[in-house]
Amino acid sequence: MKPSTTRLDRFLSQHSDFSMSDARLLIAQQRVLLDGVAAQSIQQAVTRFTRVELDGVCLQHEQPVYLAFNKPRGVVSATKDGKHPTVLDMVQHPQKGTLHIAGRLDFNTTGLVLLTNDGAWSRRISLPETKLPKTYEVSVSRPLSEDYVAAFLAGIHFAYEDITTLPARLEILSAHTARLTLVEGKYHQVKRMFGSFQNKVLSLHRVSIGPVSLGDLEPGACRPLGASELAAISRLIQLQHSLSMPL
Ligand code: URA
Numbered sequence: 007m008k009p010s011t012t013r014l015d016r017f018l019s020q021h022s023d024f025s026m027s028d029a030r031l032l033i034a035q036q037r038v039l040l041d042g043v044a045a046q047s048i049q050q051a052v053t054r055f056t057r058v059e060l061d062g063v064c065l066q067h068e069q070p071v072y073l074a075f076n077k078p079r080g081v082v083s084a085t086k087d088g089k090h091p092t093v094l095d096m097v098q099h100p101q102k103g104t105l106h107i108a109g110r111l112d113f114n115t116t117g118l119v120l121l122t123n124d125g126a127w128s129r130r131i132s133l134p135e136t137k138l139p140k141t142y143e144v145s146v147s148r149p150l151s152e153d154y155v156a157a158f159l160a161g162i163h164f165a166y167e168d169i170t171t172l173p174a175r176l177e178i179l180s181a182h183t184a185r186l187t188l189v190e191g192k193y194h195q196v197k198r199m200f201g202s203f204q205n206k207v208l209s210l211h212r213v214s215i216g217p218v219s220l221g222d223l224e225p226g227a228c229r230p231l232g233a234s235e236l237a238a239i240s241r242l243i244q245l246q247h248s249l250s251m252p253l
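So that you can map any letter, position 30 of the sequence shown is 36 in the working numbering, and since no number is skipped, the others follow by simple counting.
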């Protein structure tokens, strides 16, 4: 999926006193800069995050924001909630009002949540074909066994939706704890997968999403994603989408 874009000539007509037909001349006279570089064509794409300058005046400059947040227990993955604190209530960021959550966690689940103001990016990472791996540390009420490993790899049937979960990797860490990696995010998926063994999830903590790890981020704290993390996510998305395209 492409980010929503506007053609440069249309953008200029919408954001200045010039008309679409003036755009060609403005560009030829090198009066238009896109992200600091002289524009070449009226057909160039302008996204929400393209810095556009005309005669040295900035017509648009919105920074994309990508954050990792460590969600504490008892916090709602939402922007607003009448009863409980939300992820957005806890985030301290100058552009906080523009942010949304890319991939929710349940009320009592803790750990990594991604936040952004880039809707095209959050849609891309959430698409089923992106298959971004998400890793959870989980503790359960009854002892685990190798049967779980095989069953999670084969897929668990959810009768309500009549779907079978995609192969998931379970590493048993102790009798009651494990690390689970999923490439999808069905409703209450982890709880329902263990529920199929009548085993109750006591705690659930997301430690990574694709190349982004929680590391030592404190509960309630956030940090910007690094350029290498963003590039790694883009590579993963491109790879998965090329694999899912028909030959
Ligand atoms: N699976 C769940 O059951 N809950 C979550 O919060 C995330 C995955």
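Idealized CB from N, CA, C, for every residue including glycine.
I'd like to confirm the pairing. Which residues does DSSP put opposite residue i in its beta bridges?
| i | result |
| --- | --- |
| Q66 | V58 |
| R229 | A74 |
| I169 | F164 |
| L120 | A74 and A108 |
| R212 | G117 and Y142 |
| S219 | S214 |
| V82 | T92 |
In terms of residue numbering, what span does the beta strand (DSSP E) encompassing residue i cover?
| i | result |
| --- | --- |
| Y142 | K140 to V146 |
| R175 | R175 to S180 |
| H247 | Where H247 is concerned, there is no enclosing beta strand (DSSP E), although the alpha helix (DSSP H) it sits in stretches over A233 to S250. |
| L39 | V38 to L40 |
| S132 | Here S132 belongs to no beta strand (DSSP E); instead the alpha helix (DSSP H) covers G125 to S132. |
| R31 | What sits at residue 31 in the sequence shown is Leu, not Arg. Premise fails: L31 lies in the alpha helix (DSSP H), A29 to A34, not in any beta strand (DSSP E). |
Would you say the beta carbon of residue i is closer than 7 Å to some non-hydrogen atom of the ligand URA?
| i | result |
| --- | --- |
| L231 | no |
| T170 | no |
| L210 | yes |
| L118 | no |
| Q257 | Any question about residue 257 goes unanswered here, given that the chain covers just 7 to 253. |
| L39 | no |
| L138 | no |
| T141 | no |
| D112 | yes |
| T56 | no |
| T115 | yes |
Grab the span of the alpha helix (DSSP H) containing residue i for me, first residue to last.
| i | result |
| --- | --- |
| Y154 | E152 to A160 |
| R110 | From DSSP, R110 is part of no alpha helix (DSSP H); its letter is neither H nor E. |
| H21 | L14 to H21 |
| R185 | Run containing R185: none in the alpha helix (DSSP H); it sits in the beta strand (DSSP E), T183 to L188. |
| V93 | V93 to M96 |
| I48 | That residue, I48, is in no alpha helix (DSSP H); it is neither H nor E in DSSP. |
| R198 | Q195 to G201 |
Write down the C-beta distance between residue i and residue j rounded to the nearest angstrom, noting that I regard them as a contact closer than 8 Å.
| i | j | result |
| --- | --- | --- |
| T104 | L94 | The pair is not a contact, with the Cβ atoms about 10 Å apart (cut-off 8 Å). |
| P17 | V58 | Note that residue 17 corresponds to Phe in the displayed sequence, not to Pro. So it is a contact: roughly 7 Å between Cβ atoms. |
| I215 | L118 | 6 Å |
| T56 | H211 | The Cβ separation is near 38 Å, so there is no contact. |
| L60 | S22 | 6 Å |
| V155 | L179 | Incorrect: roughly 12 Å between the Cβ atoms, too far for contact. |
| I243 | I131 | 7 Å |
| D124 | P70 | 5 Å |
Q. How do the stretch 183-192 and the stretch 140-147 stand: do at least 3 beta-carbon pairs fall below 8 Å, yes or no?
A. Verdict: yes, contact present.
Q) Between the stretch 83-100 and the stretch 33-49, do three or more beta carbon pairs fall short of 8 Å? A) Touching, no, given that fewer than three Cβ pairs across the two stretches are closer than 8 Å.
**Q.** Cβ contact check for the stretch 67-83 and the stretch 216-230: 3 or more pairs under 8 Å
**A.** These segments touch.
Q) If we count Cβ pairs, one from each stretch, closer than 8 Å, do we get three or more for the stretch 107-124 versus the stretch 158-173? A) In the pairwise beta carbon analysis, the stretch 107-124 is classified as not touching the stretch 158-173: fewer than three pairs are separated by under 8 Å.
Q | Contact between the stretch 34-42 and the stretch 78-93 (3+ Cβ pairs under 8 Å) | A | Touching, no.
Q | contact_flag[the stretch 189-197, the stretch 164-179] where n(CB pairs < 8 Å) is 3 or more | A | Enough Cβ pairs lie closer than 8 Å, so yes.
Q: Indicate whether the contact test is met: 3 or more Cβ pairs, each with one atom in the stretch 11-22 and one in the stretch 48-66, closer than 8 Å.
A: By the criterion of at least three beta-carbon pairs nearer than 8 Å, the stretch 11-22 is in contact with the stretch 48-66.
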